Amino acid sequence: MLKVKFKNYSLAFLVSALIVPSLAVVFVAVLGMINQETAMEAAVSSYVQDLAENMAYQLNADFSPYKLLGDAANYPFFAWGPSMPGWVALIGIDGTVITASPGAANIASIWRPDIPAGQAVRVEDKRGAQYTLAVYPLANNKGYVVAAVSWSNLLGGLVKVTRMWPVMIVLMAFCSFLAIKLLWNMLVFPLREIANEIDNFTLGHDAPNFDNALSEVKEIKSVHKALKRFAQAAIERDNLRNSYVRDIVSVQEKERVDMAREIHDGPLQDVTALLQQIHMSLEDDDARPRIERTEKLAKTIVRELRALCDELAPPWMDLGLAETLTELAERLSQSYDVEVIAELDELNELENFETSPELRLSFLRIFQEAVSNAVRHGQATEVVAKVYKDNLNNLVLEISDNGKGFDAKTANLTHEELRLQGHRGLANMTERMSLMGGSLSVISKPERGTKIIASVPQAAS
Amino acid sequence: MSIRILLADDHPLTRAGIAEFLRREETFDLVAEAEDGEKAWELINELKPDVALLDIRMPGMDGVAVSQKVKLSNLHTATIMLTSYDAQQYVMASLRAGARGFVLKTVSPKELTAAINTVASGGLYLDPEVASVMGGEDFIPEPLSTREREVLLLAAQGLSSKEVARRLFISERTVQTHLASIYDKLGSKNKTEALLLALKYGVVTLDELLDSPNVEG
Numbered sequence: 306m307l308k309v310k311f312k313n314y315s316l317a318f319l320v321s322a323l324i325v326p327s328l329a330v331v332f333v334a335v336l337g338m339i340n341q342e343t344a345m346e347a348a349v350s351s352y353v354q355d356l357a358e359n360m361a362y363q364l365n366a367d368f369s370p371y372k373l374l375g376d377a378a379n380y381p382f383f384a385w386g387p388s389m390p391g392w393v394a395l396i397g398i399d400g401t402v403i404t405a406s407p408g409a410a411n412i413a414s415i416w417r418p419d420i421p422a423g424q425a426v427r428v429e430d431k432r433g434a435q436y437t438l439a440v441y442p443l444a445n446n447k448g449y450v451v452a453a454v455s456w457s458n459l460l461g462g463l464v465k466v467t468r469m470w471p472v473m474i475v476l477m478a479f480c481s482f483l484a485i486k487l488l489w490n491m492l493v494f495p496l497r498e499i500a501n502e503i504d505n506f507t508l509g510h511d512a513p514n515f516d517n518a519l520s521e522v523k524e525i526k527s528v529h530k531a532l533k534r535f536a537q538a539a540i541e542r543d544n545l546r547n548s549y550v551r552d553i554v555s556v557q558e559k560e561r562v563d564m565a566r567e568i569h570d571g572p573l574q575d576v577t578a579l580l581q582q583i584h585m586s587l588e589d590d591d592a593r594p595r596i597e598r599t600e601k602l603a604k605t606i607v608r609e610l611r612a613l614c615d616e617l618a619p620p621w622m623d624l625g626l627a628e629t630l631t632e633l634a635e636r637l638s639q640s641y642d643v644e645v646i647a648e649l650d651e652l653n654e655l656e657n658f659e660t661s662p663e664l665r666l667s668f669l670r671i672f673q674e675a676v677s678n679a680v681r682h683g684q685a686t687e688v689v690a691k692v693y694k695d696n697l698n699n700l701v702l703e704i705s706d707n708g709k710g711f712d713a714k715t716a717n718l719t720h721e722e723l724r725l726q727g728h729r730g731l732a733n734m735t736e737r738m739s740l741m742g743g744s745l746s747v748i749s750k751p752e753r754g755t756k757i758i759a760s761v762p763q764a765a766s
Numbered sequence: 008m009s010i011r012i013l014l015a016d017d018h019p020l021t022r023a024g025i026a027e028f029l030r031r032e033e034t035f036d037l038v039a040e041a042e043d044g045e046k047a048w049e050l051i052n053e054l055k056p057d058v059a060l061l062d063i064r065m066p067g068m069d070g071v072a073v074s075q076k077v078k079l080s081n082l083h084t085a086t087i088m089l090t091s092y093d094a095q096q097y098v099m100a101s102l103r104a105g106a107r108g109f110v111l112k113t114v115s116p117k118e119l120t121a122a123i124n125t126v127a128s129g130g131l132y133l134d135p136e137v138a139s140v141m142g143g144e145d146f147i148p149e150p151l152s153t154r155e156r157e158v159l160l161l162a163a164q165g166l167s168s169k170e171v172a173r174r175l176f177i178s179e180r181t182v183q184t185h186l187a188s189i190y191d192k193l194g195s196k197n198k199t200e201a202l203l204l205a206l207k208y209g210v211v212t213l214d215e216l217l218d219s220p221n222v223e224g
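First to last, the protein sequences are chains X and Y. The opening residue of the first sequence carries number 306 in the numbering used here; numbering runs sequentially from there. The opening residue of the second sequence carries number 8 in the numbering used here; numbering runs sequentially from there.
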């Protein structure tokens with residue numbers, strides 16, 4: 306939840322980061338334009354006021370009223386017009402245009418008798434063009450001087466642009482929206498999709514659907530690629546683990562089957578025979594010879610069960626590493642009919658030396674497996690096991706045989722490879738050592754025998 | 008005078024069977040029974056029996072540990088291991104812990120009587136199954152030479168042929184020849200069995216084994 310909230314906040318931040326500067330730019334621009342227009346307005350107003358006043362003063366001083374009717378056009382000012390874009394006109398008291406500078410054609414349309422004299426006002430003609438004009442009356446009710454400046458001519462494009470600012474804001478907002486939309490489509494949406502995919506796929510089972518590329522953005526693509534690699538690695542790891550678990554389960558099941566068969570063929574048969582002997586003893590008058598047979602049978606059963614226990618989990622492992630390896634060497638020597646020697650001089654010299662049951666079991670199984678391999682695959686006649694501490698304080702079990710050997714350089718000794726090649730024994734030895742935090746190495750050359758070195762780090766004791 | 012006996016075994020049926028037999032023998036006096044090692048040690052300390060029959064695997068303290076305590080306390084009680092385990096290393100461990108006898112639970116009453124009588128009179132008794140006898144009860148092995156005895160005692164300490172050779176200033180091959188000869192004379196298949204048989208036949212004594220330096224335990 307917290308994550309989602311944070312994501313929303315950061316998104317809002319991102320959006321405002323885009324919008325706020327745009328709005329600020331528009332605002333500042335508008336402010337500038339308004340100031341500009343106010344300044345212009347003030348200048349224009351005083352210009353038209355002065356112009357109208359000056360003209361009226363001149364006309365009052367120079368002309369007699371009659372003269373006005375005919376020769377007003379002689380005044381060059383009326384012919385040329387003012388220096389700013391606009392016009393001046395002389396209007397009779399009834400509103401008729403007596404004379405006017407060029408461009409004052411639409412004076413009639415903007416002229417209103419109620420315009421206050423001597424004051425600049427802003428008016429609009431029928432087409433919407435804006436003017437600032439000032440009216441100054443002539444003496445003796447002879448008429449009015451009207452001076453006007455046309456805003457559209459004066460400011461031209463600038464006025465139009467000023468009028469455009471709402472449009473610009475809309476445009477800007479639209480652009481921002483478009484940018485955000487693009488941002489959303491190219492970044493936020495693909496990221497959300499990726500998040501969804503991560504939420505929904507089962508690690509180690511699914512690979513993310515990578516074919517429909519969600520985004521053209523390089524970074525999103527590499528996120529996708531990394532995700533895919535990660536998912537595939539998880540799948541591979543899971544497959545490896547599954548095959549490993551399958552192995553363990555199948556080995557377990559096989560051992561159960563073997564054990565059941567051994568109990569069935571051995572002790573179970575014997576106890577059945579024992580029971581038959583007891584039944585018959587009960588019916589015999591002279592049961593003694595039969596009971597003697599029964600006793601022998603019972604002893605056989607005990608021996609069989611003892612051997613079974615030794616095979617499953619040798620109880621003598623409790624005695625210590627030296628005892629375990631010595632006992633095992635003597636037993637293996639007898640069962641394979643080869644020399645199996647445990648050389649434990651260095652082990653016996655280690656004072657107060659203690660080993661964990663796990664370590665003893667690991668070394669026992671490795672020794673067992675090594676002797677079995679040496680005899681069955683290498684046809685060895687002598688196997689020697691040594692235990693010592695190396696200079697890195699590792700406890701090392703080294704088992705060498707005089708068998709055929711093999712080319713250990715070309716053999717791949719990773720657990721998975723060994724497993725696939727069916728060398729489960731060697732694979733298990735490696736696995737046992739890695740579980741103990743140690744390592745197992747195999748040194749062998751054809752016709753040179755094999756040496757197996759199992760080494761486990763020891764805390765200084 | 009009857010032999011005072013303590014019996015320690017955590018398995019009630021086995022204990023009952025052995026106890027029944029011990030009570031039947033007139034020369035034996037079963038003074039106490041214990042179902043674990045701690046109890047056995049307490050009772051031995053309190054009653055000071057002549058012989059203690061100890062199971063190896065018991066909850067708490069095992070039989071070997073009890074035997075070790077008896078040995079360290081210098082009690083006159085002779086301990087016999089009574090066990091289901093036939094591993095020779097158990098025999099060695101028991102003997103090193105001061106046990107005077109090692110008997111499997113499958114033993115016959117006659118053999119158990121012999122074992123108790125032997126250890127009560129200061130002897131050593133090993134079950135025939137843990138050190139199989141060649142040629143029957145009255146088999147007398149060919150005596151070992153002095154060198155062979157030395158080799159056997161050193162080898163029994165867990166020394167390799169190489170180390171034995173180094174200590175006796177002879178070659179490794181000579182050591183192996185000696186060992187082969189010892190095995191042959193005693194009828195053993197390996198070092199541990201050779202030592203057990205040597206003890207059994209009195210070729211070497213338990214004290215010789217225990218007194219020699221560098222012995223583990």
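Built from N, CA and C at the ideal position, the CB exists for glycine as well. Remember, predicted model here, so these are calculated numbers, not experimental data.
N-terminal and C-terminal residue of the beta strand (DSSP E) that Trp416(X) is part of
Against the first sequence, residue 416(X) aligns to sequence position 111. Element bounds for Trp416(X): n/a, residue is neither H nor E.
Hey, is Asp17(Y)'s beta-carbon within less than 8 Å of any beta-carbon in chain X?
Taking the first residue of the second sequence as position 1, residue 17(Y) is located at position 10. Not a single C-beta of chain X is nearer than 8 Å to the C-beta of Asp17(Y).
Report the option in Leu664(X), Ser457(X), Val692(X) and Gly710(X) whose CA atom is closest to the CA atom of Arg681(X).
Taking the first sequence and counting its residues from 1, the one referred to as residue 681(X) is at position 376. Considering only Leu664(X), Ser457(X), Val692(X) and Gly710(X), the residue with the shortest C-alpha distance to Arg681(X) is Gly710(X).
Measuring only the C-alpha atoms, how far is Ser586(X) from Met68(Y)?
If you number the first sequence from 1, residue 586(X) lands on position 281. If you number the second sequence from 1, residue 68(Y) lands on position 61. If you take the alpha carbons of Ser586(X) and Met68(Y), they lie about 41 Å apart.
Cβ atoms of Thr631(X) and Leu649(X): under 8 Å apart, would you say?
Within the first sequence, numbered from 1, the residue matching residue 649(X) stands at position 344. Within the first sequence, numbered from 1, the residue matching residue 631(X) stands at position 326. Contact: yes.
Could you tell me which residues DSSP puts in a beta bridge with Leu666(X)?
By 1-based counting over the first sequence, the position of residue 666(X) is 361. Beta-bridge analysis with DSSP links Leu666(X) to no other residue.
Counting Cβ pairs closer than 8 Å, one from the stretch 150-159 of chain Y and one from the stretch 178-193 of chain Y, do we hit at least three?
Contact between the stretch 150-159 of chain Y and the stretch 178-193 of chain Y is established, with three or more Cβ pairs separated by less than 8 Å.
Proximity of Ala138(Y) and Glu200(Y) at Cβ, strictly below 8 Å
For the purposes of this step, residue 138(Y) is taken as residue 131 along the second sequence, with counting starting at 1. For the purposes of this step, residue 200(Y) is taken as residue 193 along the second sequence, with counting starting at 1. Contact: yes.
Would you report the Cα separation of Ser9(Y) and Ala106(Y), rounded to the nearest angstrom?
Taking the first residue of the second sequence as 1, we reach residue 9(Y) at position 2. Taking the first residue of the second sequence as 1, we reach residue 106(Y) at position 99. Distance between the alpha carbons of Ser9(Y) and Ala106(Y) is about 21 Å.
Start-end ranges of the beta strand (DSSP E) lying completely within the stretch 619-651 of chain X, minimum 3 residues
Whole beta strand (DSSP E) segments, 3+ residues: 644-648.
Among Thr755(X), Lys750(X), Lys756(X) and Ser744(X), whose alpha-carbon lies nearest the alpha-carbon of Pro762(X)?
As a working mapping, residue 762(X) is identified with position 457 in the first sequence. Taking only the C-alpha atoms, the option nearest Pro762(X) is Ser744(X).
What distance in whole Å lies between the Cβ atoms of Val353(X) and Ala452(X), which are believed to be in contact at a cut-off of 8 Å?
Stepping through the first sequence from its first residue, residue 452(X) is reached at position 147. Stepping through the first sequence from its first residue, residue 353(X) is reached at position 48. The beta-carbon separation of Ala452(X) and Val353(X), rounded to 4 Å, stays under the 8 Å limit for a contact.
Ala647(X) versus Asp575(X), Asp504(X), Asp706(X) and Leu488(X), residue with shortest Cα-Cα distance:
As a first step, residue 647(X) must be located in the first sequence, where it is residue number 342. Measuring from the Cα of Ala647(X), the nearest candidate turns out to be Asp706(X).
For Val137(Y), the three-state DSSP class (helix, strand or coil)
Against the second sequence, residue 137(Y) aligns to sequence position 130. Reduced to three states, the DSSP call for Val137(Y) is coil.
If you reduce the DSSP assignment to three classes, tell me which class Ile396(X) lands in.
Stepping through the first sequence from its first residue, residue 396(X) is reached at position 91. Ile396(X) carries a strand assignment under DSSP once its states are collapsed to helix, strand and coil.
Under the three-state DSSP convention, the category Pro387(X) falls into
Reading the first sequence from its first residue, position 82 is the one you call residue 387(X). DSSP places Pro387(X) in the coil class of the three-state scheme, outside both helix and strand.
With a threshold of 8 Å between beta carbons, is Ala39(Y) in contact with chain X?
For the purposes of this step, residue 39(Y) is identified with residue 32 of the second sequence, where counting begins at 1. Nearest CB-CB separation between Ala39(Y) and chain X: not below the 8 Å threshold.
Nearest chain Y C-beta to Thr631(X) closer than 8 Å, yes or no?
Translated into the one-based positions of the first sequence, residue 631(X) becomes position 326. By this cut-off, Thr631(X) is an interface position.
On the criterion of 16 or more Cβ atoms from any shown chain inside 10 Å, does Lys714(X) qualify as buried, or is it exposed?
Translated into positions along the first sequence, residue 714(X) becomes position 409. Lys714(X) is classed as exposed because its beta carbon has fewer than 16 other beta carbons within 10 Å across all chains shown.
Given a cut-off of 8 Å, decide if Val692(X) and Glu651(X) are closer than it, judged by their beta-carbon atoms.
Here the question's residue 651(X) lines up with position 346 in the first sequence. Here the question's residue 692(X) lines up with position 387 in the first sequence. Yes, the Cβ-Cβ distance between Glu651(X) and Val692(X) is below 8 Å.
Since Ala536(X) and Ala512(X) should fall inside the 8 Å C-beta cutoff, what is the C-beta to C-beta distance between them, to a whole number of angstroms?
Taking the first sequence and counting its residues from 1, one reaches residue 536(X) at position 231. Taking the first sequence and counting its residues from 1, one reaches residue 512(X) at position 207. With 8 Å as the limit, Ala536(X) and Ala512(X) qualify as a contact, their Cβ atoms being about 5 Å apart.
Taking Cβ-Cβ distances below 7 Å as the criterion, which residues of the stretch 89-104 of chain Y are in contact with chain X?
Answer set for the stretch 89-104 of chain Y: Ser91, Tyr92, Asp93, Ala94, Gln95, Gln96, Tyr97 and Ala100.
If the cut is a Cβ gap below 7 Å, which residues of chain X does Leu166(Y) touch?
Here residue 166(Y) refers to the residue found at position 159 of the second sequence. Result: Asp650.
Between the alpha carbons of Arg670(X) and Gly754(X), how many angstroms are there, rounded?
Position 365 of the first sequence, counting from 1, holds the residue named residue 670(X). Position 449 of the first sequence, counting from 1, holds the residue named residue 754(X). Straight-line measurement puts the Cα of Gly754(X) at about 20 Å from the Cα of Arg670(X).
When burial is assigned at 16 or more other CB atoms within 10 Å of the CB, is Asp93(Y) buried or exposed?
For the purposes of this step, residue 93(Y) is identified with residue 86 of the second sequence, where counting begins at 1. Result: buried.
Along the chain, where does the alpha helix (DSSP H) that runs through Lys559(X) open and close?
Here residue 559(X) is taken as the residue at index 254 of the first sequence, counted from 1. Residue range Lys523 to Ile568 is occupied by the alpha helix (DSSP H) that includes Lys559(X).
Assumed close pair Asp62(Y), Asp16(Y) - CB separation to whole angstroms, cut-off 8 Å:
In the second sequence, counting from the first residue as 1, residue 62(Y) sits at position 55. In the second sequence, counting from the first residue as 1, residue 16(Y) sits at position 9. In this structure, Asp62(Y) and Asp16(Y) form a Cβ contact; the two beta carbons are roughly 4 Å apart against a cut-off of 8 Å.
Note down, in chain order, all residues in the stretch 171-184 of chain Y with a beta-carbon under 7 Å from any beta-carbon belonging to chain X.
Within the stretch 171-184 of chain Y, not one residue has a Cβ closer than 7 Å to any Cβ of chain X.
Have a look at Gln557(X) and Ala72(Y) and give me their C-alpha separation to the nearest angstrom.
Here residue 557(X) refers to the residue found at position 252 of the first sequence. Here residue 72(Y) refers to the residue found at position 65 of the second sequence. Gln557(X) and Ala72(Y) have their C-alpha atoms roughly 35 Å apart.
Limits of the unbroken alpha helix (DSSP H) element including Gly24(Y)
In the second sequence, counting from the first residue as 1, residue 24(Y) sits at position 17. In the DSSP assignment, Gly24(Y) falls within the unbroken alpha helix (DSSP H) covering Pro19 to Arg31.
Rounded straight-line distance, which links the Cα of Tyr132(Y) to that of Ser80(Y)
Counting from one through the second sequence, the residue named residue 80(Y) turns up at place 73. Counting from one through the second sequence, the residue named residue 132(Y) turns up at place 125. Their backbone Cα atoms lie some 22 Å apart in a straight line.
Checking contacts by CB at 8 Å: is Lys756(X) closer than that to chain Y?
Numbered from 1 along the first sequence, position 451 holds the residue referred to as residue 756(X). Contacts with chain Y at 8 Å (Cβ-Cβ) do not include Lys756(X).
Neighbour list for Val607(X) in chain Y, Cβ cutoff strictly below 9 Å:
Here residue 607(X) is taken as the residue at index 302 of the first sequence, counted from 1. The contacting residues are Ser91, Leu111, Lys112 and Thr113.
DSSP state of Tyr352(X), grouped into three classes?
Locating residue 352(X) in the first sequence gives position 47, where the first residue counts as 1. Of the three classes helix, strand and coil, the one that applies to Tyr352(X) here is helix, per DSSP.
Pick helix, strand or coil for Gly730(X), following the three-state DSSP scheme.
Position 425 of the first sequence, counting from 1, holds the residue named residue 730(X). Gly730(X): helix per DSSP, three-state reduction.
What are the boundary residues of the alpha helix (DSSP H) that Gln581(X) is part of?
Residue numbering aside, residue 581(X) sits at position 276 when the first sequence is read from its first letter. Per DSSP, Gln581(X) belongs to the alpha helix (DSSP H) from Gln574 to Glu588.
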